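Engineer: To start, I am sharing the structure in question, which I have written as C-alpha cells.
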C-alpha cells in the first residue's frame, strides 16, 4: 500500500491540564475527501490546528507526504502544499479582495504561475472578480467563505483542510460551498473536511471519522457510516 | 498672520509627533504591545548622532548613523526583551517595556553623563519671508521630511508584499501564519521601521533644539503616544492625523498668552475629549466579526 498523503499518529494535545485529543490516529489518501465529524468540543478544530502547526502536540506525530511535520512552524507548512481554511473564514477585512487573494500566494515565488492561478480563481468565483477592489470586510458571509477558499487555492495546495466552511450560511449557500469542495477533488486536490453539518459532509466525502471527546469513536466509508444507527442518532438527527 | 504662523509651526512640530506616533501605532497594531521605550530609542539615536558628529562631523552621516543604530537597537530590544514574552500577560509586556525605557535612560546617563550635549552642527540656521511671515528653514525641512515619510510609508504598506503582510499580521496573526507569513519576521521588520522613524524624528528635534540629554525622548514620546491614541492606536493614518492635530493645538495654545503656560494640559485634555466622544480614537475601528 502506498503512503497516505496525510497521516496522523497517536496525537495527544493538551490545553493546560485538559487533554483535548487523546491519542488519535487517522489518514487521508491522495484524491480523497475525508470528513471529520463530531459534536462541539470533540476536538475537531484542535486536530486541524495541530496538523497545520498552530498548535503543537504533547505526543504523537503528523506526517505529510511521508515527511514528519509535527514540529515545523505553521508558516512553513503552506509552501509544502498543505493549506488550512480556518473556522470563521478569517479573511483580512481591512484589505481588498484582491490583496486577500494575493496573500494566499504569499509563500510562492513563481510569479507567472501565481498570475495564472489568480485568473483561474477569479474565473471560478465571479463574485470575487466583480468585487476585487472592495474591502473584504464589506463582503457577505457567503462571499467571505468563497474568498477564504479562493485564497487557499492561491497557495496551489495539494491538501486543503477546511474547518466548518458552511457555518452560518443560508441553505442555498451551504449547497454552493459543498459544490465547491467537490470541485476541489475534481481538480485533483485532496480535502480534509471538518463539519457540524454531518449529513452534508458525509454525502460528499469518501470516508469519515467520528470524533467524540478527543477520541476517534468510529470510522469508515461515509455511506456506510451514514447508515449506522449510532451515527444517525447522534449526528444526523434521525 | 499670527494665525498662519501658528499653523505652520503646528504642522511642523505635529509632523515630528506623527513620525514618532507611527512607531507606537505600528508596533501596537502588529505586535499588540505598547513599546514605552520608543521615546528612549529616539534619545539613543541622538547619542549615536552625537558620536558620529564627533567622529565624522557631517549631519547627513550623523543621520545615517542614528538610523542604523536605532534599527539595530529596536530589533535587538524586540528580540531579547519582548519576543520571549510573546503570549505572556499584557501587563508583563507593559512592565518590561517601561523597564526597558528606564534601562536606556540610565545607560545613557552612565555612559554620557547628565550634562546635556550640544549638537549644534545639526542646526539649520536662517529663515525666509513670505510677505511678513517668517518661516525657519528647519521648519520647512521638517514639513518636507514629514510629507516624504508619510507618503513613503503609505505606499510601502499598501503596495509592497511585506506591507500587505504587516496589515495581515495586525488583523489576525494566526490567519497570517496560515498564509505562510513568518509573523516573527514581520514583527522584527515593524520594530526596524518604527526605530528608523524614531531616529528621523530625533534628528528633526535636535535640528530645532540641539540640546541632547538622556530624557530627550521622554516628553515627545508621551505626546506622540497620546497622538497615536487620539488618532486611533493601531491605525497608521490615525497616527498621522493625531500627531498633526496635537502639534497644531500645541502651537495655537503657545500663541495665546493666557493659555501658553497650560499648553501641555491643553494637549492632554484633547485626549480626554476624544476618548469620551470616540473611545477607539478618531480613525480607530471597532471591528466586528461577520458571520
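Chains as they are written, first to last, in the working numbering: chain S, 4 to 241; chain Y, 6 to 296. Where is the CB? At the ideal position from N, CA and C, for every residue including glycine. Model, not experiment: these values are computed from the prediction.
Of all Cβ atoms in chain Y, is any one closer than 9 Å to the Cβ of residue 97 of chain S?
Structural biologist: yes
Engineer: Is the shortest distance between the beta-carbon of residue 172 of chain Y and the beta-carbons of chain S less than 9 Å?
Structural biologist: By this cut-off, residue 172 of chain Y is an interface position.
Engineer: Note down, in chain order, each residue of its chain lying with its Cβ closer than 7 Å to the Cβ of residue 64 of chain Y, except the 5 sequence neighbours on either side.
Structural biologist: 126, 127
Engineer: Cα separation between residue 294 of chain Y and residue 257 of chain Y?
Structural biologist: Model confidence at residue 294 of chain Y stands at a pLDDT of 41, short of 50, so the residue's coordinates are unreliable and nothing is read from them.
Engineer: Just the C-alpha distance for residue 296 of chain Y and residue 91 of chain S, rounded to the nearest angstrom, thanks.
Structural biologist: Only weak support is given to the placement of residue 296 of chain Y: the predicted model assigns it a pLDDT of 39, under 50, and the question is left unresolved by the model.
Engineer: Short of 6 Å in beta carbon distance, which residues of its chain neighbour residue 17 of chain Y, apart from the five on each side in sequence? Order them along the chain.
Structural biologist: 144, 147, 148
Engineer: With a Cβ-Cβ cutoff of 9 Å, do residue 40 of chain S and residue 211 of chain S count as a contact?
Structural biologist: yes
Engineer: Please confirm if residue 106 of chain S has its CB atom under 9 Å from at least one CB of chain Y.
Structural biologist: yes
Engineer: Could you check where the beta strand (DSSP E) with residue 224 of chain S kicks off and where it finishes?
Structural biologist: Unbroken beta strand (DSSP E) run through residue 224 of chain S: 218-224.
Engineer: Look up residue 215 of chain S in the DSSP assignment and give the residues it is bridged to.
Structural biologist: S:218
Engineer: Give me whichever residues DSSP pairs with residue 29 of chain S in a beta bridge.
Structural biologist: According to DSSP, residue 29 of chain S bridges with S:11.
Engineer: With burial defined as no fewer than 16 other Cβ atoms inside 10 Å of the residue's Cβ, what is the status of residue 224 of chain Y: buried or exposed?
Structural biologist: Classified as exposed, residue 224 of chain Y has fewer than 16 neighbouring CB atoms from the shown chains inside 10 Å of its CB.
Engineer: Where residue 229 of chain Y and residue 276 of chain Y are concerned, what is the direct C-alpha to C-alpha distance, given to the nearest angstrom?
Structural biologist: Rounded to the nearest whole angstrom, the CA to CA distance from residue 229 of chain Y to residue 276 of chain Y is 11 Å.
Engineer: Helix, strand or coil: which one does DSSP assign to residue 55 of chain S?
Structural biologist: coil
Engineer: Exposed or buried, what is residue 47 of chain S when buried is set at 16 or more other beta-carbons lying within 10 Å of its beta-carbon?
Structural biologist: That one is buried.
Engineer: So if DSSP puts residue 238 of chain S in a beta bridge, which residue, or which two residues, is it bridged to?
Structural biologist: The partner list for residue 238 of chain S (beta bridge, DSSP) is empty, contrary to what the question assumes.
Engineer: Could you tell me if the beta carbon of residue 10 of chain Y falls within a distance shorter than 8 Å of some heavy atom in the ligand ADP?
Structural biologist: Among the components of this structure there are no ligands whatsoever, and the ligand ADP is therefore not found.
Engineer: So, at 6 Å on beta carbons, what are the nonlocal neighbours of residue 54 of chain S in its own chain, with the 5 sequence-adjacent residues on each side left out?
Structural biologist: Around residue 54 of chain S: 65.
Engineer: Going straight from the alpha carbon of residue 181 of chain Y to that of residue 187 of chain Y, what length do you get?
Structural biologist: The straight-line gap from Cα to Cα measures roughly 8 Å.
Engineer: Quick one: Cα of residue 122 of chain S to Cα of residue 104 of chain S, how far?
Structural biologist: 11 Å
Engineer: Taking CB distances under 9 Å as the criterion, tell me whether residue 174 of chain S reaches chain Y.
Structural biologist: no
Engineer: If the cut-off is 9 Å on Cβ atoms, which residues from the region 176-189 of chain Y count as contacting chain S, listed in chain order?
Structural biologist: 176, 177, 179, 180, 181, 182, 183, 184, 185, 186, 187, 188, 189
Engineer: Between the C-alpha atoms of residue 183 of chain Y and residue 286 of chain Y, what's the straight-line distance to the nearest angstrom?
Structural biologist: 30 Å
Engineer: Answer yes if the region 57-64 of chain S comes into contact with the region 221-236 of chain S, meaning at least three C-beta pairs across the two stretches below 8 Å, and no otherwise.
Structural biologist: Touching, no.
Engineer: So, are the CB atoms of residue 14 of chain S and residue 195 of chain S less than 9 Å apart?
Structural biologist: No Cβ-Cβ contact shorter than 9 Å links residue 14 of chain S with residue 195 of chain S.
Engineer: What does residue 55 of chain S touch in chain Y if you count any residue whose Cβ is under 7 Å from its own?
Structural biologist: 183
Engineer: Between the region 75-93 of chain S and chain Y, which residues of the former have CB atoms less than 9 Å from a CB of the latter, in chain order?
Structural biologist: 76, 77, 78, 79, 80, 81, 82, 86, 87, 88, 89, 91, 92, 93
Engineer: Alpha carbons only, please: which of Y:109, Y:110, Y:85 is nearest the one belonging to residue 98 of chain Y?
Structural biologist: It is Y:85.
Engineer: Let me confirm a value: residue 74 of chain Y is counted as buried when at least 16 other C-beta atoms fall within 10 Å, else exposed. Which label applies?
Structural biologist: buried
Engineer: Go ahead and pull the three-state DSSP assignment for residue 106 of chain Y.
Structural biologist: helix
Engineer: Quick check: what's the CA-CA separation for residue 29 of chain S versus residue 168 of chain S?
Structural biologist: 21 Å
Engineer: If we ignore side chains and look at the alpha-carbon of each, how far apart do residue 268 of chain Y and residue 60 of chain Y end up?
Structural biologist: A direct Cα-to-Cα measurement between residue 268 of chain Y and residue 60 of chain Y gives close to 38 Å.
Engineer: Looking at residue 54 of chain Y and residue 199 of chain Y, is the spacing between their C-beta atoms short of 9 Å?
Structural biologist: Not in contact: residue 199 of chain Y and residue 54 of chain Y (Cβ atoms no closer than 9 Å).
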